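Visitor: Numbering (the working numbering), first residue to last: 2 to 258.
Written out as structure tokens, the structure is:
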């Protein structure tokens, strides 16, 4: 029996060094592995290069690492809910590789599948392909580092020549993910929107650390309901069903309207 359970989040992330690259699950604030993020914050790890759909908000999710100046670079598709992110990026303190959301998802999936790169039509004819997107500012309004031009090739699709841009896969040193349930072998089940990026982030990490709300014994999960097989997961901790969950915005209407 391969038991991948660890006693605590602190122990599970203890060997993540300064300068490590991380793939972190979550979509908005849904499915953020906050227990693992807070453990990483507590141990003082810094100079991190993080790949995640977004960077949380100012006081939650990856935003807590950002506020503590622990993140050197973000690779994301959306950064609009974090004022400190904007400040650090425009002041030249943070590097950003802005990536179309579907492309980011496929880059993570490709990395976990052993695919080095792929061609996509997304970004053709824009700075995503042609280069020049600011990755780091100089603090005075100028661009200190810009994105490079990417390879563009023509492929025939349905009898028509179309341009495609080459995107490289993403592999990271570690992955941090959140799941609804998992077993001791590392098989995971995700809940609703938390399934968007968590499985892909898990695949991309050379060492995947998963926090689960409920830990069950092997055989306790319906095989047909497993979203990510345990082969991708190396460590698993249980955080309980009472763990805090947040949403960015709540919109309500008056009763009867």
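In this text, a Cβ means the ideal position worked out from N, Cα and C, and glycines have one as well.
Source: prediction; values computed, not measured.
Pick out whichever of 169, 257, 177 and 49 has its Cα sitting closest to the Cα of residue 117.
Guide: Nearest of 169, 257, 177 and 49 to residue 117, Cα basis: 169.
Visitor: Considering residue 23, what are the terminal residues of the beta strand (DSSP E) in which it resides?
Guide: First-last of the beta strand (DSSP E) with residue 23: 22-25.
Visitor: Work out the CA separation of residue 162 and residue 235 for me, nearest whole Å.
Guide: If you take the alpha carbons of residue 235 and residue 162, they lie about 44 Å apart.
Visitor: How many Å lie between residue 8 and residue 200 at the Cα?
Guide: Distance between the alpha carbons of residue 8 and residue 200 is about 22 Å.
Visitor: Could you tell me the distance, in whole angstroms, from the CA atom of residue 65 to the CA atom of residue 42?
Guide: Cα-Cα distance, rounded: 8 Å.
Visitor: For the candidate residues 31, 218 and 15, whose alpha-carbon lies nearest to that of residue 196?
Guide: When only C-alpha atoms are compared, the closest one is 31.
Visitor: Would you report the Cα separation of residue 190 and residue 145, rounded to the nearest angstrom?
Guide: Taking the straight line from one Cα to the other gives about 42 Å.
Visitor: In chain order, what residues of the same chain have a beta carbon less than 6 Å from the beta carbon of residue 208, not counting five sequence neighbours either side?
Guide: Here the set comprises 175 and 235.
Visitor: So what's residue 9 in DSSP terms, helix, strand or just coil?
Guide: Three-state result, residue 9: coil.
Visitor: Restricting to runs no shorter than 3 residues, where is the beta strand (DSSP E) found entirely within the region 177-247?
Guide: Listed in chain order, they are 206-217 and 236-239.
Visitor: Quick check: the region 37-55 against the region 7-27, are at least 3 beta-carbon pairs closer than 8 Å?
Guide: Output reads yes: the region 37-55 touches the region 7-27.
Visitor: Using C-beta distances below 7 Å, list every residue in its chain close to residue 110, excluding the 5 sequence neighbours before and after it, in chain order.
Guide: Excluding positions up to five away in sequence, the list reads 201 and 204.
Visitor: Between which two residues does the beta strand (DSSP E) harbouring residue 147 extend?
Guide: Segment 144-147, the beta strand (DSSP E) holding residue 147.
Visitor: Can you check whether the CB of residue 83 is closer than 8 Å to the CB of residue 58?
Guide: Their beta carbons are under 8 Å apart, which means residue 58 touches residue 83 by this criterion.
Visitor: Using three-state DSSP, classify residue 250 as helix, strand or coil.
Guide: It is coil, neither helix nor strand.
Visitor: Rounding to the nearest angstrom, what Cα-Cα distance links residue 124 and residue 166 in this structure?
Guide: Roughly 7 Å separates the two Cα atoms.
Visitor: Could you give the first and the last residue of the continuous alpha helix (DSSP H) run that contains residue 108?
Guide: Unbroken alpha helix (DSSP H) run through residue 108: 102-114.
Visitor: Are the CB atoms of residue 148 and residue 122 within a distance shorter than 8 Å?
Guide: No; because the gap between Cβ atoms is not below 8 Å, this pair is not in contact.
Visitor: Taking the straight line between their C-alpha atoms, what separation do you get for residue 139 and residue 96?
Guide: Computed Cα separation, rounded: 11 Å.
Visitor: Roughly how many angstroms separate the alpha carbons of residue 40 and residue 226, rounded to a whole number?
Guide: Taking the straight line joining both Cα atoms gives about 29 Å.
Visitor: The beta strand (DSSP E) with residue 74 in it runs from where to where?
Guide: Looking at the DSSP string, the run of the beta strand (DSSP E) that includes residue 74 is 72-77.
Visitor: Taking the alpha-carbon positions, what's the residue 12 to residue 248 distance?
Guide: About 28 Å.
Visitor: Note down, in chain order, each residue of its chain lying with its Cβ closer than 6 Å to the Cβ of residue 74, except the 5 sequence neighbours on either side.
Guide: Correct list, in chain order: 50 and 96.
Visitor: Here's the rule I'm using: 16 or more other beta-carbon atoms within 10 Å means buried, otherwise exposed. How should residue 156 be labelled?
Guide: Looking at its Cβ environment, which holds fewer than 16 other Cβ atoms inside 10 Å, residue 156 is exposed.
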